[in-house]
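These notes concern the structure reproduced below.
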Amino acid sequence: MRIAVVGAGQLARMLALEGWAMGFQFSFLATHDESSVCVDGLGSVIRYQAGTSAAEVYLKLGSPVVITVEKEDVDIDLLKALQQFCPVYPDPSIIHVCQHRGRERDFLNKIGVPCAVYQKVSNVDELSAAIDLIGLPAILKSCVAGYDGLNQWHFEKRADVIKFINTTDLSFQCILERKVSFTREFSIILVRDINGNHLRYPLTQNRHCKGVLLTSKAPVQDFDTRLNSQVDDIIKRFIHAWNYVGILAIECFETDSGVLVNELAPRVHNSGHWTQLGANTSQFQNHLRAITGMVLGATEAWGHAGMINLLGCTAPSAVLCQSNSQVHLYNKNPRPGRKLGHVNLVHYDDRQLTEQMYQILGDVYGDKNDSKRPEIPLQILDKVILSDLKPE
Ligand code: ATP
Ligand code: MG
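Here's what the structure looks like:
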């Protein structure tokens, strides 16, 4: 049985690695300039060229039984045209909503899911009006082509806005969003099968460094009943609104006034990587089960799980030797800050897991004097990440 994945990055890689063990074969649809090193050897890579018919693309992909995506920046018309040959999950209309921040926010509003106050802007006048309305600090986010904090501008004071206006030609669609003073970031990882059954993984706490996910831990600790019932309500609204199939990741902020949803990912997600070691069924396996009509696997965590992204670096050998850790590398060429792999950890004790994560972060990113260390913002790591993670 062949499954086609649109995209050829690390998420496609991990879907295929899991899927090969389940007896599936894979093909990948990539754009002409997309790197496919992550899926080398895992299936044929088809380069899409504008003008190629959906029938031809489908044949070149090896007539898959189902098509799925590893990213939301995809050609929706092509996916819709491919639906005449086999199912495409999640439905292209859902991916269409998630690939544009403005549409995504409108959708969240429509189904009554809380998010940060925002305004749509696409020129300087609209930006000024939006700042008057929303106030500062605020974040301007491009509606498309935004990931890992790219194409976002943080405005703390008026001078930042003026500098932005003077240096950037604002002629593209954006949202201006109030900066949220959150206590924690967490994500909801949901999976729904073709019969409408759904399961959720334990909530995952996430730490970002300059807009890029650095660590995840699950299950999130000290989450009170009020927040839990808000999460239940948010899940209900998505399940009710969408005939969703596969993994859906919902990135959230925990604030004093409750949960706010920041972003949706209609696919497997970096904050769900811990499930490869820390849960009975990984997010990759459950996504494949869902889209191929199989029954879903259990989503409970074995204990406490953690994940550390390897940004621009590989894991030190001390980490490779640990009995409760697992290292995944994506076969990418190293570049500062680039996601090259991740480390998963499990532990029966949350405090000891935290200590171990702190130790690994120090090993990987900590030595400021070593010029070979990856160029990630160590100051921020020290201030925000390491000091936060350091056990009392
Ligand atoms: P990714 O796709 O990698 O999740 P992204 O580029 O799509 O990231 P966001 O998820 O919107 O961007 O933002 C990245 C990070 O920036 C968030 O996880 C959060 O840490 C911070 N951030 C985003 N929006 C806000 C906000 N309104 N207030 C405070 N912090 C924010
Ligand atoms: Mg995000």
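For the sequence shown, our numbering gives the first residue as 16, with consecutive numbering after it.
Don't be surprised by glycine CBs; every beta carbon is placed ideally from N, CA and C.
Quick caveat, the model's predicted, so the values are computed rather than measured.
Closest to residue i by C-alpha separation, out of the options, would be which residue?
i: H302; options: Y216, K354 and K156; result: Y216
i: V103; options: A305, V358 and K178; result: A305
i: S42; options: N181, L151 and V72; result: V72
i: S51; options: C130, H319 and G22; result: G22
i: V283; options: Y380, T230, C130 and K86; result: K86
i: N359; options: D90, S286 and L311; result: S286
i: F209; options: K135, S157 and V81; result: As written in the sequence, residue 209 is Ile, which differs from the Phe given in the question. If we check each option's Cα against that of I209, V81 comes out closest.
i: T369; options: P281, A313, D239 and I323; result: I323
i: E278; options: D92, G352, K251 and I190; result: I190
i: G298; options: A19, M16 and A31; result: It is worth fixing the name first, because residue 298 is Gln in this sequence and not Gly. Of the candidates A19, M16 and A31, the one whose C-alpha sits nearest the C-alpha of Q298 is A31.
i: L205; options: R199, R173 and I249; result: I249
i: Q98; options: G77, Q114 and A70; result: A70
i: Q114; options: Q245, C101 and V89; result: V89
Going by beta carbon distance, what residues of the same chain come within less than 6 Å of residue i, once the five residues before and after it are set aside?
i: G356; result: L325, H343, L344 and Y345
i: E407; result: Only weak support exists for where E407 lies, its pLDDT of 41 falling under 50; the coordinates are left without a value.
i: Q25; result: C53 and Y345
i: H169; result: I154
i: R350; result: none
Applying the 10 Å Cβ sphere with the 16-neighbour rule, what's the burial state of residue i?
i: A294; result: buried
i: K125; result: exposed
i: R120; result: buried
i: G321; result: buried
i: Q64; result: exposed
i: H255; result: exposed
i: L148; result: exposed
i: Q394; result: Its pLDDT being 46, under 50, Q394 is placed unreliably in this model, and the coordinates cannot settle the point.
i: E315; result: exposed
i: I180; result: exposed
i: A10; result: A question about residue 10 goes unanswered here, because the residues of the chain that appear run from 16 up to 407.
i: A131; result: buried
So, for residue i: in the same chain, excluding its five sequence neighbours on each side, which residues have a beta-carbon less than 7 Å away from its beta-carbon?
i: F201; result: L218, T219, Q220, N221, V235, C267 and E269
i: D55; result: N346
i: A27; result: V20, F43, C53, V54 and E85
What does the alpha-carbon distance come out to for the pair residue i and residue j?
i: P105; j: R62; result: 22 Å
i: K347; j: E141; result: 40 Å
i: I265; j: N166; result: 20 Å
i: P129; j: P79; result: 38 Å
i: L93; j: F253; result: 25 Å
i: G6; j: P281; result: In the structure as shown, the chain begins at 16 and stops at 407. Residue 6 is therefore absent and cannot be evaluated.
i: T329; j: I262; result: 28 Å
i: E171; j: H213; result: 41 Å
i: I18; j: P152; result: 45 Å
i: T290; j: I110; result: 23 Å
i: H362; j: N339; result: 7 Å
i: C101; j: G34; result: 18 Å
i: T307; j: N258; result: 15 Å
What I want to know is whether the C-beta of residue i ends up closer than 6 Å to one or more non-hydrogen atoms of ligand 3.
i: E278; result: Absence of ligand 3 is noted for the structure shown, with ligand 1 and ligand 2 being the only ligands found.
Ordered along the chain, which non-local residues of its own chain (more than five positions away) have a Cβ less than 8 Å from that of residue i?
i: Y133; result: R120, I149, I190, L191, E192 and R193
Problem set entry | Residue ranges of each beta strand (DSSP E) within the region 225-271, 3 or longer | 227-233 and 261-270
Problem set entry | Any beta strand (DSSP E) of 3 or more consecutive residues that is wholly inside the region 66-110 | Listed in chain order, they are 81-84.
Exercise. What residue ranges within the region 130-171 form continuous alpha helix (DSSP H) runs of no fewer than 4 residues, ordered along the chain?
Worked result: DSSP runs (the alpha helix (DSSP H)) wholly in the region 130-171: 139-149.
Exercise. Along the chain, which unbroken stretches of the beta strand (DSSP E) at least 3 residues long are found entirely within the region 307-385?
Worked result: 319-326, 340-344 and 354-362
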